[in-house]
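The numbering of the sequence shown is the working numbering, which starts it at 2 and goes up by one.
Quick notes on the structure that follows.
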Amino acid sequence: MDEKLLADIGLSKYERSVYLTLLKERDLEASKLSQLSRVPIGKIYEILRDLNKYGLVEIKPSRPRKYRIVDPKIAFELMYKRREEEAINELKLLRESFAEIKRQLSNGDSPKNVETIIWPDKFHDDELKEMLNSFFEDIKHEICVVTPVKYKPGASEQYDNSILMFSKAYLDLAQRGVHIKILDSHSQLLPSIKELISSIEDESIKSKFQKFMEIRFLETDYDFVIFDSKTIFIDIEDQVNTGTSLGMTQIQDESYTNRFKDKFDELWTKGKRVNFT
């Protein structure tokens, strides 16, 4: 089976690996499945629960417990019907959200200078680097970032593939003397930044990162970025393929952005500071 097809229906990298392994090997214990699929043992049970929830994998009544795939013809048909119902409900909620936006616009409470930016289907590294440089070049003082739980390792291939580029961009900002505050939900960001910093021999540069960058761990569903308390970027999640971003809404309205800065400050006090040098 083409792995890309499984990605297209929303299965994460780990989920695809486990499913394809079971497709080849049939009945397997979790430990053996972890070994063959190269999914960490600490993640394998979570992945199996999700695949079971999707109706793609079932638990074989045996000791020790084994896992096997459900008949694909039945499983994928049922999965499609569930996704179709979910999509209809999501569109209904989206329609209600747009109606609420229109209502607020009519009340004069809407933010000014709003722009919607839609990502291409796939980013090439050069395109992503150019985009980040374009966004970050005007930051003068501070950037506040909230990374949600949906970007934990293996949950979003889109985010996993872009993490190195974001890490480099944050370090470039710190070298410019821009203060960076990141609330991270245990994504791959911290390991990526640590690896980049450890490769730097100049201790004065390392100390600059310590001075201008702070990362705190906090598991949250919030997902936004603030530039200089003036501009906010809010993620637009793909409602069909959750965990994937369609683009973002950029709002340049200081009074409106202040509401999000207040929320960020509230979350910041709850975060656990981590050492990245």
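Even glycine gets a Cβ: it sits at the ideal position worked out from N, Cα and C.
From residue i to residue j, what distance separates their C-alpha atoms?
i: residue 49; j: residue 92; result: 29 Å
i: residue 167; j: residue 59; result: 38 Å
i: residue 269; j: residue 184; result: 7 Å
i: residue 275; j: residue 74; result: 47 Å
i: residue 5; j: residue 155; result: 15 Å
i: residue 254; j: residue 144; result: 16 Å
i: residue 133; j: residue 139; result: 11 Å
i: residue 259; j: residue 100; result: 24 Å
i: residue 208; j: residue 196; result: 15 Å
i: residue 148; j: residue 262; result: 15 Å
i: residue 116; j: residue 218; result: 30 Å
i: residue 199; j: residue 265; result: 29 Å
i: residue 161; j: residue 14; result: 10 Å
i: residue 45; j: residue 257; result: 42 Å
i: residue 41; j: residue 35; result: 6 Å
i: residue 172; j: residue 135; result: 15 Å
i: residue 63; j: residue 37; result: 20 Å
i: residue 150; j: residue 97; result: 25 Å
i: residue 191; j: residue 201; result: 16 Å
i: residue 47; j: residue 90; result: 26 Å
i: residue 242; j: residue 11; result: 5 Å
i: residue 113; j: residue 85; result: 36 Å
i: residue 203; j: residue 180; result: 20 Å
i: residue 211; j: residue 277; result: 8 Å
i: residue 26; j: residue 32; result: 14 Å
Note down, in chain order, each residue of its chain lying with its Cβ closer than 6 Å to the Cβ of residue i, except the 5 sequence neighbours on either side.
i: residue 239; result: 245, 247
i: residue 226; result: 146, 234
i: residue 215; result: 182
i: residue 7; result: 17
i: residue 9; result: none
i: residue 30; result: 65, 67
i: residue 152; result: 160, 188
i: residue 271; result: 219
i: residue 158; result: 14
i: residue 82; result: none
DSSP three-state label for residue i, please.
i: residue 42; result: helix
i: residue 261; result: helix
i: residue 22; result: helix
i: residue 129; result: helix
i: residue 138; result: coil
i: residue 246; result: strand
i: residue 7; result: helix
i: residue 34; result: helix
i: residue 268; result: helix
For residue i, write down the residues that DSSP places opposite it in a beta bridge.
i: residue 274; result: 217
i: residue 233; result: 227, 252
i: residue 147; result: 184
i: residue 238; result: 246
i: residue 12; result: None; residue 12 has no bridge partner.
Report all residues from its chain with a CB closer than 7 Å to the CB of residue i; omit the five preceding and five following residues, and keep chain order.
i: residue 130; result: 166
i: residue 137; result: 170, 174
i: residue 193; result: 164, 165, 168
i: residue 56; result: 71, 76, 79, 80
i: residue 229; result: 140, 141, 142, 143
i: residue 178; result: 213
i: residue 118; result: 248, 249, 251
i: residue 24; result: 2, 70
i: residue 224; result: 147, 149, 236
i: residue 51; result: 16
In its own chain, which residues sit with a C-beta less than 8 Å from the C-beta of residue i, not counting the 5 before and 5 after it?
i: residue 267; result: none
i: residue 221; result: 147, 149, 150, 184, 186, 268
i: residue 61; result: 28, 67, 68, 69
Less than 7 Å separating the Cβ of residue i from some heavy atom of the ligand ZN?
i: residue 245; result: Inclusion of the ligand ZN in the displayed structure is not the case, the ligand content being empty and no account of it being possible.
- [ ] With a floor of 3 residues, list each beta strand (DSSP E) that falls wholly inside the segment 45 to 124, ordered by position along the chain.
- [x] You should have 58 to 61, 67 to 70, 115 to 119.
Task: Segments assigned beta strand (DSSP E), at least 3 residues, entirely inside the segment 154 to 212 - done: Secondary structure within the segment 154 to 212: the beta strand (DSSP E) runs of 3 or more consecutive residues, fully enclosed, are 180 to 185 (chain order).
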